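The structure under discussion appears below in the form of structure tokens.
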Amino acid sequence: MASATATGGSKSNLNVILFYVFLFLFVLVSLFPLLWVFKMSIVTKADLFQSPATTLVAPPISDNYGTIFSNPDFRRALVNSTIIAGVTTVICLFFGAICAYAIARLRFRFKSTVMTTILAISFFPAVAIIAPLFVLFSNVGLINTYWSVIITDVVFALPLTIWILVAFFKELPKDLEEAAKVDGATTVQAFRKVIVPLAAPGVFTTAILTFIFAWNEFLFANTFLFDATTQPVTVAIPNFATVYTVDYGAQSAAAVVVTIPLVILVLLFQRRIVSGLTAGAVKG
Amino acid sequence: MAEVTLENVTKIYGEDVVAVDDFNLDITDGEFIVFVGPSGCGKSTALRMIAGLEDISRGKVFIGDNVVNDLPPRERDIAMVFQNYALYPHMNVRENMGFALKLRKMDKAEIARRVDEAAKILSIERFLDRKPKALSGGQRQRVALGRAIVREPKAFLMDEPLSNLDAKLRVEMRTSISKLHNRIGVTTIYVTHDQTEALTMADRIVVLKDGKVQQIDSPQVMYDHPNNIFVAGFIGSPSMNFIRARLDRENGGYVVKFGPTHLPLSREAAGEAKERRGQDLGEFAGKEVVLGIRPEHIEDASVEEAAAMTAAGGEESSMEVEPQVIESMGSEKYLYFDIGRDQAVHLDGAEDATDDSAADEADGGVSGTSGSVTGGEMMTARISAASQAKLGQKMKVVIDSSKIRIFDPETEQAIL
């Protein structure tokens with residue numbers, strides 16, 4: 078962008094400067110809450126409650142991180158979160174991909190009705206169905222198991238998964254599948270060896286969005302899971318509050334720790350995500 | 003390698019949209035067949051039915067001795083080249099070409115051998131490790147061909163393989179494909195909307211219109227003896243001229259008349275009408291007919307080449323015209339002139355027929371103007387470069403009466 082505008086004259090120099098000024102402002106505004114939480118996690122309790130708030134702290138302390146990682150419940154919660162979000166993502170992608178492929182490729186009546194119905198499922202306010210679900214899960218003995226949360230997460234994440242994947246699959250030229258079939262592939266082989274690799278950017282994007290959704294989910298987890306053996310981090314963090322005190326420092330540290338896996342995921346697959354989000358916009 | 007046979011093949015979409023109607027064709031082993039027609043004529047649908055990518059509503063398709071109607075594409079042992087190449091973007095050229103063989107669980111060394119051999123034939127050895135993205139259009143097309151030939155299939159199916167290439171490359175690839183076919187001799191079915199490709203490449207051409215087969219013949223026979231007005235107008239560029247005329251009996255022979263122009267028919271012509279078409283010219287005597295004249299059969303009367311035509315047809319086989327457009331091609335000139343409104347023939351298919359093939363000739367530079375000029379009352383003549391014809395200046399042209407075609411205006415079928 079900068080190189081495109083940086084040709085000739087002081088006017089374009091100004092453009093470049095403005096570009097970076099706004100870029101900086103935008104990044105600052107976006108990152109500020111995260112930075113502030115991080116700051117809260119490395120200061121002493123005394124500094125935390127100072128008014129007006131201090132901005133520069135010296136020296137940073139790691140006490141809060143010590144607190145949360147010495148807490149076995151929190152460590153357990155990290156594992157639980159990973160299991161719940163991971164399993165939810167795998168299930169959503171598996172069924173979502175099959176379903177989206179069929180919707181994208183087959184010609185059938187009421188296709189748009191089907192798509193709208195799928196989307197409508199995620200319109201339900203979670204709070205409205207949480208009580209009946211609680212009764213239902215109690216009756217079948219799923220309360221306080223991973224499955225109670227995984228099932229509800231899948232129900233709410235799957236429509237999103239399907240919608241995104243349908244858009245990606247539709248972008249893929251049909252000729253490629255036909256070429257694969259003529260080349261000797263079965264429908265399943267054509268899907269696995271040609272469609273899935275091509276849709277990979279889209280599949281990755283979808284996977285990460287689904288994972289983030291499940292990782293951050295709080296309401297169902299807080300309702301259906303009662304003890305530390307199954308509770309994910311989103312539920313564990315508020316537990317650093319006791320009846321008498323709230324350990325804001327530990328909560329901040331936990332929030333930072335919980336965010337890190339997502340950041341790593343996004344950074345790892347950054348290139349794929351970007352090409353996924355812009356698929357179709359730039360056709361090679 | 004195998005014969006491919008179509009028996010009453012019909013494709014119906016939904017309730018009553020007939021895309022291909024009762025298609026019968028015997029393709030012999032090693033033959034190069036071209037399906038040609040305007041867009042929507044059913045040529046691609048027919049090809050896709052042979053490939054197994056489209057269900058067959060009625061009729062049978064044979065590859066070799068087997069009915070393949072119910073076989074999926076992968077069991078038909080055919081290779082297909084698509085218009086947009088359809089190369090797998092995530093595989094490099096080598097993987098693209100070897101994909102079919104790998105699916106067949108062929109030995110790795112054998113796959114490598116075949117890919118290398120095909121790459122050599124198509125001179126794409128240098129690109130084997132590249133992804134399709136890094137190739138030009140022509141190179142991609144070669145890879146697509148390569149992917150087909152490594153298979154050593156029973157038949158090649160090509161669906162407009164050259165229409166995404168620029169004009170010059172298209173002419174080049176046309177030759178490459180012909181050479182390739184001569185070399186490996188696999189039965190090939192080639193779909194195109196470009197009559198030039200059909201004429202230059204085919205052993206036999208199948209002309210389709212509205213899902214119906216119009217004519218199946220070798221290029222020369224089709225050019226010289228089109229079955230009907232549609233084929234006559236579609237095959238050949240610039241297109242055949244059509245004129246409203248009258249067939250009359252005169253001095254024991256037949257004469258085609260329009261305006262002051264009289265074109266005598268030879269005795270052989272009457273015999274040919276009888277033999278080829280089963281038509282008795284006598285039945286049409288005194289009636290209106292559609293006269294078809296190819297542009298190269300009209301010549302400036304003042305040039306040397308015209309003498310023979312004049313001698314054959316007499317003074318009255320000429321007409322006076324006023325050139326509206328003169329295009330000099332270097333080797334010849336294209337002359338466009340008006341004919342009277344009374345003589346003009348308006349055809350529904352004529353516009354489609356004057357396709358962009360003129361522009362396809364990389365060396366020509368006609369740039370497709372002929373298409374827009376010949377429609378309606380305009381006629382085209384392809385005259386000698388020596389002609390002194392001048393814009394708007396009346397001149398005499400002579401028509402080679404031995405080459406004219408006559409059609410029934412009612413049925414649009416050929417009489418001669």
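Top to bottom, those sequences are chains A and B. Reminder that position 200 of the first sequence reads as 277 in this note's numbering, one-by-one numbering, no gaps. Reminder that position 278 of the second sequence reads as 280 in this note's numbering, one-by-one numbering, no gaps. For glycine and all other residues, C-beta sits at the position ideal for the given N, C-alpha and C. All values reported here derive from a predicted model rather than from experimental measurement.
At least one CB atom of chain A sits nearer than 7 Å to the CB of B:His92. In this structure, B:Gly213 keeps its C-beta atom at 7 Å or more from the C-beta atom of B:Ala391.
Nearest CB-CB separation between A:Pro274 and chain B: below the 7 Å threshold. Cβ contact annotation for B:Tyr338 (same chain, cutoff 6 Å, sequence separation greater than five): Gln326, Val327, Val375, Met380, Thr382, in chain order. Under DSSP, B:Gly294 takes part in a beta bridge, and its partners are B:Phe244, B:Arg407. For the region 236-258 of chain A, the set of positions with a beta-carbon nearer than 8 Å to some beta-carbon of chain B reads Pro250, Asp252, Leu253, Glu255, Ala256, Ala257, Lys258 in chain order. Per DSSP, the unbroken alpha helix (DSSP H) holding B:Gly273 starts and ends at 269-274. Taking the CA atoms as reference points, A:Arg152 sits about 40 Å from A:Thr193.
For the region 80-122 of chain B, the full-length alpha helix (DSSP H) segments reaching 4 residues or more read 95-105 along the chain. Against chain A, the beta carbon of B:Phe84 has neighbours under 8 Å at Asp252, Glu255, Ala256, listed in chain order. Runs of the alpha helix (DSSP H) lying entirely within the region 273-343 of chain A and spanning at least 4 residues, in chain order: 273-293, 296-301, 310-313. Separation of A:Asn141 and A:Ala330 (C-alpha to C-alpha, rounded to the nearest whole angstrom) is 6 Å. Annotation for B:Ala204: no alpha helix (DSSP H) segment contains it, and DSSP assigns it neither H nor E. Within chain B, not a single residue places a beta-carbon under 9 Å from that of A:Val280; the smallest gap is close to 13 Å. Neighbourhood of A:Ala197 in chain B, by CB distance below 7 Å: empty, with the nearest CB roughly 30 Å away.
Residues of chain B with a Cβ closer than 8 Å to the Cβ of A:Asp150 do not exist, since the nearest Cβ in that chain sits about 45 Å away. Listed in chain order, the non-local C-beta contacts of B:Val323 below 6 Å within the same chain comprise Phe339, Val399, local neighbours out to five positions each way being set aside. Looking from the CA of B:Asp196, the closest CA among B:Leu164, B:Ser333, B:Met331, B:Ile417 belongs to B:Leu164. Within the region 22-56 of chain B, the residues whose Cβ lies closer than 7 Å to some Cβ of chain A are Ala53, Leu55, listed in chain order. For secondary structure counted as the alpha helix (DSSP H) over 4 or more consecutive residues, the region 243-267 of chain A holds these complete runs in sequence order: 251-259, 264-267. Residue-level contact check: B:Phe64 does not touch chain A, since none of the beta carbons of chain A fall below 7 Å from its beta carbon.
With respect to the 7 Å criterion, B:Val63 and B:Ile52 are classified as neighbours on the basis of their beta carbons. Residues of chain A with a Cβ closer than 7 Å to the Cβ of B:Phe101 are, in chain order, Asp260. A direct Cα-to-Cα measurement between B:Thr202 and B:Ile218 gives close to 15 Å. DSSP places A:Thr222 in the coil class of the three-state scheme, outside both helix and strand.
Ranked by how close their Cα comes to the Cα of B:Pro75, the residues A:Arg184, A:Ile337, A:Gln308, A:Thr264 have A:Thr264 in first place. Listed along chain A, no residue sits closer than 9 Å to B:Ala157 by beta-carbon distance, the nearest being about 11 Å off. One Cα belongs to A:Leu249, the other to A:Val167, and the distance between them is close to 22 Å. The residues Ile207, Phe211, in chain order, have a CB closer than 7 Å to that of A:Thr300 in the same chain once the five nearest residues on each side in sequence are set aside. Secondary structure at A:Asn90: helix, using DSSP grouped into helix, strand and coil. A:Thr229 and A:Val310 have their C-alpha atoms some 17 Å from each other.
Closest by C-alpha distance to B:Val95, out of B:Phe84, B:Leu137, B:Ser59, B:Asp72, is B:Leu137. Of all residues in the region 135-164 of chain B, only Lys135 place a beta-carbon less than 7 Å from a beta-carbon of chain A. Going by C-alpha positions, A:Ser225 is about 6 Å away from A:Leu219. Residue range 188-198 is occupied by the alpha helix (DSSP H) that includes A:Met192, with no beta strand (DSSP E) assigned at that position.
As DSSP reads the structure, B:Gln217 sits in a beta bridge with B:Val209.
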